[in-house]
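Chemist: Following this message is one structure expressed as structure tokens.
Residue numbers (full-length UniProt numbering): 1 to 550.
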């Protein structure tokens with residue numbers, strides 16, 4: 001099996017406090033002098049909220065920004081490979097499978113992009129079938145995973161599908177960030193039993209967990225207990241109680257060990273032998289309480305550093321790390337790909353179009369609304385005359401069409417914001433290049449959602465405006481269609497540019513709306529552009545509707 005060791009891991013982040021130009025940058029210590037050994041088996045990282053367990057997991061998986069990070073991580077005594085995050089498995093806390101696809105389709109996607117092209121299609125399918133069988137997903141293999149709007153597989157089956165996505169490459173080390181979060185007690189137990197079976201096959205499984213029940217705790221092989229970024233215990237899980245007993249903390253009969261450890265860390269344990277008995281150290285205010293907890297964590301960390309468990313760990317680390325330490329922060333950023341750009345584009349495009357077909361409501365609604373709006377505009381400006389009123393109505397029709405195309409493109413904002421978590425995870429894991437994902441998503445959005453409405457609008461409105469409305473020539477017809485498409489494409493590009501910098505859809509919607517309102521003001525209809533003040537007139541060159549109308 002594979003052994004992962006970490007030596008003197010320290011990590012701090014810079015946080016900004018204050019407002020605008022009055023912001024102050026302060027350093028916050030997340031982890032301090034963390035050492036440990038993760039051997040084949042179930043390796044749990046336990047601790048209260050804010051203890052640094054997720055940060056430690058990300059650092060071990062090479063998924064943390066190396067700025068502010070020091071220390072060494074070795075795999076079987078050798079430095080971590082540059083592409084470690086692509087060769088290891090990492091199951092994030094939130095589900096990152098496509099809900100509109102079936103369990104098998106999701107696993108096929110992972111196999112197609114993460115297994116090299118040298119692996120034949122038949123072998124990839126066999127690997128997918130093997131993973132489905134191992135995870136007990138045979139009954140739901142062809143069922144859709146499900147979205148927030150459509151019912152799919154159960155929570156446990158969904159979590160197992162997430163694990164399956166990572167098992168496709170058969171990684172020697174598997175990381176999981178709080179795998180039991182959001183699951184009921186029975187399902188959580190089933191997931192951990194599955195991981196236990198996998199660990200017995202020689203896999204090194206490392207995971208963070210918050211507050212497991214006893215039936216889950218007894219499955220752990222090693223336990224790393226964290227508080228305030230310090231290690232309070234690292235060693236065999238079943239000997240942790242014995243360690244705390246030597247410090248004067250007695251675990252009451254029938255008490256869950258995990259709850260007992262967290263009580264000790266928080267200073268709430270009824271088993272504290274001395275200092276807590278008279279209540280003299282109980283802090284009154286929140287600030288004092290925080291200081292008390294920090295002091296308690298430091299005391300427990302110091303006692304652990306004097307224990308036999310720490311000395312044993314340190315001796316083992318020194319024996320394998322001599323001459324092998326190698327610091328290379330740049331390596332953390334390297335991502336390698338198993339397949340070519342065109343292969344990635346093909347599979348991401350296929351999944352994107354399947355997702356579109358699986359969620360047809362939005363596309364159908366957009367087409368129906370476009371037809372309805374086209375008929376209303378056509379009826380409103382029907383049979384334009386060649387006079388002053390006709391000219392005004394003609395300009396009004398053009399203004400409405402270009403403005404409508406701009407505001408319709410706001411729906412493109414969801415294109416990247418909704419799937420942001422899935423994209424970040426898959427990109428870091430080496431599924432595909434950013435360019436392949438972007439082009440595939442763009443193709444899936446532009447063709448059905450942006451191009452089709454432009455064609456529908458042109459076909460309906462052009463002929464309803466009458467012989468004096470617009471030029472009755474084929475050339476003019478296609479120029480109008482092309483102009484509406486260009487307005488839609490340009491507005492969509494701007495909406496996407498805004499969306500990439502936002503994680504909340506409502507904020508991106510607001511920013512896009514404000515931008516389009518300013519563009520409409522400078523489109524040339526509401527305000528005569530020759531009368532605009534010189535220091536504002538340059539804004540007309542950024543108006544998308546202006547180019548569409550002219």
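Ideal placement from N, C-alpha and C gives every residue a C-beta, glycine not left out.
(1) In three-state DSSP terms, what is residue 541?
(2) In chain order, which continuous runs of the beta strand (DSSP E) of length 3 or greater are located wholly inside the stretch 171-211?
(3) Where does residue 10 sit, in a helix, a strand or coil, going by DSSP?
(4) With burial defined as no fewer than 16 other Cβ atoms inside 10 Å of the residue's Cβ, what is the status of residue 304: buried or exposed?
(5) Report buried or exposed for residue 280, applying the criterion of at least 16 other Cβ atoms within 10 angstroms of its Cβ.
(6) Do residue 421 and residue 96 have their CB atoms nearer than 8 Å?
(7) Kindly indicate which three-state DSSP category residue 549 falls into: helix, strand or coil?
(8) Less than 8 Å between the CB atoms is what I'm expecting for residue 61 and residue 209, so what's the real figure, rounded?
(9) Would the stretch 448-456 and the stretch 357-371 be scored as touching if the rule is three or more Cβ pairs under 8 Å?
(10) Inspect the CB distances between the stretch 229-248 and the stretch 78-87 and report whether three or more fall short of 8 Å.
(11) Let me confirm a value: residue 36 is counted as buried when at least 16 other C-beta atoms fall within 10 Å, else exposed. Which label applies?
(12) Go through its chain and collect everything with a Cβ distance to residue 7's Cβ below 8 Å, but skip five positions before and after it.
(13) Taking residue 484 as the reference, which of 369, 398, 368 and 128 has the closest Cα?
(14) Tell me, to the nearest whole angstrom, how far the beta carbon of residue 3 is from that of residue 39; I am working on the premise that it is less than 8 Å.
(15) Can you give me the C-alpha to C-alpha distance between residue 88 and residue 406, rounded to a whole angstrom?
(16) What separation, rounded to the nearest whole angstrom, lies between the Cα atoms of residue 24 and residue 299?
(17) Could you tell me the boundaries of the beta strand (DSSP E) in which residue 519 lies?
(18) What are the boundary residues of the alpha helix (DSSP H) that residue 67 is part of?
(19) Out of 379, 344 and 206, which has the shortest C-alpha to C-alpha gap to residue 462?
(20) Taking contact to mean at least 3 C-beta pairs separated by less than 8 Å, is the stretch 174-182 in contact with the stretch 139-152?
(21) What's the call for residue 535, buried or exposed, on a 16-neighbour Cβ count within 10 Å?
(22) Where in the stretch 354-428 do unbroken runs of the beta strand (DSSP E), each at least 3 residues long, occur, reported from the N-terminal end onward?
(23) Taking only the alpha-carbon atoms, compute the straight-line gap between residue 194 and residue 312 and give it to the nearest angstrom.
(24) For residue 132, collect the residues of the same chain with a Cβ closer than 8 Å to its Cβ; drop the 5 residues on either side in sequence, then sort them by chain order.
(25) What would DSSP say about residue 338, mapped onto helix, strand or coil?
(26) So, helix, strand or coil for residue 79, using DSSP?
(27) In the structure shown, what three-state DSSP assignment does residue 29 receive?
(28) What is the DSSP secondary structure of residue 303, reduced to helix, strand or coil?
(29) Which two residues bound the contiguous alpha helix (DSSP H) that contains residue 155?
(30) Please tell me whether residue 542 and residue 464 are closer than 8 Å, where the distance is taken between their beta carbons.
(31) Quick check: the Cα distance between residue 526 and residue 546, rounded to an integer number of angstroms?
(32) Which one of 368, 161, 65 and 59 has the shortest CA to CA distance from residue 109?
(33) Would you call residue 394 buried or exposed, if buried means 16 or more other Cβ atoms sit within 10 Å of its Cβ?
(34) Would residue 533 be called buried (16 or more neighbouring beta carbons within 10 Å of its own) or exposed?
(35) According to DSSP, is residue 230 part of a helix, a strand, or is it coil?
(36) Could you check what DSSP says for residue 23 in three-state terms: helix, strand or coil?
Modeler: In short:
(1) helix
(2) 173-177 and 204-209
(3) strand
(4) buried
(5) Unreliable placement is indicated for residue 280, whose pLDDT of 45 sits below 50; no coordinate value is reported for it.
(6) yes
(7) helix
(8) 16 Å between Cβ atoms; not a contact.
(9) yes
(10) no
(11) buried
(12) 35, 71, 72, 73, 74, 317, 321 and 325
(13) 398
(14) 5 Å
(15) 44 Å
(16) 31 Å
(17) First-last for residue 519: 505-521, but that is the alpha helix (DSSP H), not the beta strand (DSSP E).
(18) Segment: none, residue 67 is in no alpha helix (DSSP H) and carries neither H nor E.
(19) 379
(20) no
(21) exposed
(22) none
(23) 30 Å
(24) 103, 104, 107, 138, 141 and 164
(25) coil
(26) strand
(27) strand
(28) helix
(29) 155-167
(30) no
(31) 11 Å
(32) 161
(33) buried
(34) exposed
(35) strand
(36) coil
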